[in-house]
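Asker: I'd like to ask some things about the structure below.
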Amino acid sequence: NKVGIFSVIEPITELIIESDIDIEILPVIIPATEMPAQQQWEKLAELREQFPYMDFLAQENFEYEEEVAAVIKQVINPSLSPFEAAQLLSKYVYDNFEYTKGVTNVETKVDEIWKLKAGVCQDFAHMLLVMLRKLGIPARYVSGYICPKNHELRGEGATHAWVEVCVPFFGWAGVDPTNNCIVSDRHVRLAIGRSFSDCTPVKGTYKGSSEHTLEVSVSIENGQKKTEEEKAATPVFSYTSKNPGLQTNSYRRFMEIQQQQ
1 NKVGIFSVIE PITELIIESD IDIEILPVII PATEMPAQQQ WEKLAELREQ FPYMDFLAQE
61 NFEYEEEVAA VIKQVINPSL SPFEAAQLLS KYVYDNFEYT KGVTNVETKV DEIWKLKAGV
121 CQDFAHMLLV MLRKLGIPAR YVSGYICPKN HELRGEGATH AWVEVCVPFF GWAGVDPTNN
181 CIVSDRHVRL AIGRSFSDCT PVKGTYKGSS EHTLEVSVSI ENGQKKTEEE KAATPVFSYT
241 SKNPGLQTNS YRRFMEIQQQ Q
């Protein structure tokens, strides 16, 4: 994942982080392999012992593990390929969980999501991750944006989340349980991880009053393909102290002491 790092030392009353990006999306290849389903499952069994996939198979403590196992047994036919199984589990989440804003937050555990049978894209993705990993399919959380053509998809106008599964003899392929679809060129991937905590848009340490607010807005529009000259741009970070006359805070004093040693 690509990240940007900055520190603001001077006292401020407002901090604005603005990201303006032009993205060119290429057509997405749908996973297709002639390998028999049994051979694909055998390949996945081999991957479980390989380091790059261990994090995406690790299961967190889950109170309703037996219920999830029963659902998997009911939904999945042994003759299905891993990717076909992933699509069916994605459909199960889509059909049995209600897309409802405000009933969960970034700290909601999968136990509560399972009981509520409701949530938003982040919760749908986390629930699908639990089911896929229980089945033995490496799966990773994806954070990004969705760009529908006619406002026909859930998750527009905010950060979106979906899941990528490891397809034997193919690679990683995305499924979107919030919209019950295979990830297409309308999905813009920004970060991947084990869960949301690995992919938060902004992460850091804030020192100051507890009385503060956070506002987030997302605007996405489909534009024309740009030339190489038009793509050329230099990233700029601009910062202006709002109250330069305020007393220097303790963290700044600490940094100044360190620089003088």
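Residue numbers (my numbering): 1 to 261.
Even for Gly, the Cβ is constructed at its ideal location relative to N, Cα and C.
(1) State yes or no: is the C-beta of residue 70 within less than 8 Å of the C-beta of residue 98?
(2) If you draw a straight line from the alpha carbon of residue 183 to that of residue 39, how long is it in whole angstroms?
(3) Quick one: using the 10 Å Cβ neighbour count with 16 as the cut-off for buried, is residue 177 buried or exposed?
(4) If distances are taken between C-alpha atoms only, which option among 123, 80, 81 comes closest to residue 101?
(5) Going by C-alpha distance, which of 67, 197, 14, 24 is nearest residue 142?
(6) Please classify residue 48: is it buried, with 16 or more other beta-carbons within 10 angstroms of its beta-carbon, or exposed?
(7) Can you round the beta-carbon distance between residue 121 and residue 188 to whole angstroms, since I take them to be within the 8 Å contact cut?
(8) Please return the same chain residues whose Cβ sits closer than 6 Å to the Cβ of residue 20, not counting the five positions on each side in sequence.
(9) From residue 206 to residue 140, what does the alpha carbon distance come to, in whole angstroms?
(10) Near residue 222, what residues of its chain come up, given a Cβ to Cβ distance below 7 Å and the 5 sequence neighbours on each side ignored?
(11) What residues in its chain sit with their C-beta under 6 Å from that of residue 91, if we drop five residues either side in the sequence?
(12) Leaving out the 5 sequence neighbours to the left and right, which residues in its chain are closer than 7 Å to residue 191 when beta-carbon positions are compared?
Answerer: So, from the data block:
(1) For this step, residue 70 is matched to residue 70 along the sequence shown. For this step, residue 98 is matched to residue 98 along the sequence shown. No, the pair does not count as a contact, with Cβ atoms beyond the cut-off.
(2) For the purposes of this step, residue 183 is identified with residue 183 of the sequence shown, where counting begins at 1. For the purposes of this step, residue 39 is identified with residue 39 of the sequence shown, where counting begins at 1. Rounded to the nearest angstrom, the two C-alpha atoms are 25 Å apart.
(3) What you label residue 177 is simply residue 177 of the sequence shown in a count that begins at 1. That one is buried.
(4) Within the sequence shown, numbered from 1, the residue matching residue 101 stands at position 101. Per the Cα distances, 123.
(5) Walking along the sequence shown from the start, residue 142 turns up at place 142. Restricting attention to 67, 197, 14, 24, the CA atom closest to the CA of residue 142 is found in 197.
(6) Residue 48 sits at position 48 when you count from the first residue of the sequence shown. Counting Cβ neighbours within 10 Å, residue 48 comes out exposed, since fewer than 16 surround it.
(7) The residue labelled residue 121 in the question sits at position 121 within the sequence shown. The residue labelled residue 188 in the question sits at position 188 within the sequence shown. Not a contact, Cβ separation roughly 14 Å.
(8) Numbered from its first residue, the sequence shown carries residue 20 at position 20. Sequence-distant Cβ neighbours of residue 20 in its own chain, meaning closer than 6 Å and more than five residues away, do not exist here.
(9) Sequence index remark: in the sequence shown, residue 206 carries index 206 (1-based). Sequence index remark: in the sequence shown, residue 140 carries index 140 (1-based). Going from the Cα of residue 206 to the Cα of residue 140 covers about 29 Å.
(10) On the sequence shown, residue 222 is found 222 positions in, with the first residue counted as 1. Taking C-beta separations shorter than 7 Å and ignoring five residues to either side along the sequence, the partners of residue 222 in its chain run 147, following chain order.
(11) Here residue 91 refers to the residue found at position 91 of the sequence shown. So the qualifying residues of the chain are 180.
(12) To locate residue 191, count along the sequence shown from 1; it is residue 191. Excluding its 5 nearest sequence neighbours in each direction, residue 191 has C-beta neighbours in its own chain below 7 Å: 1, 143, 199, listed in chain order.
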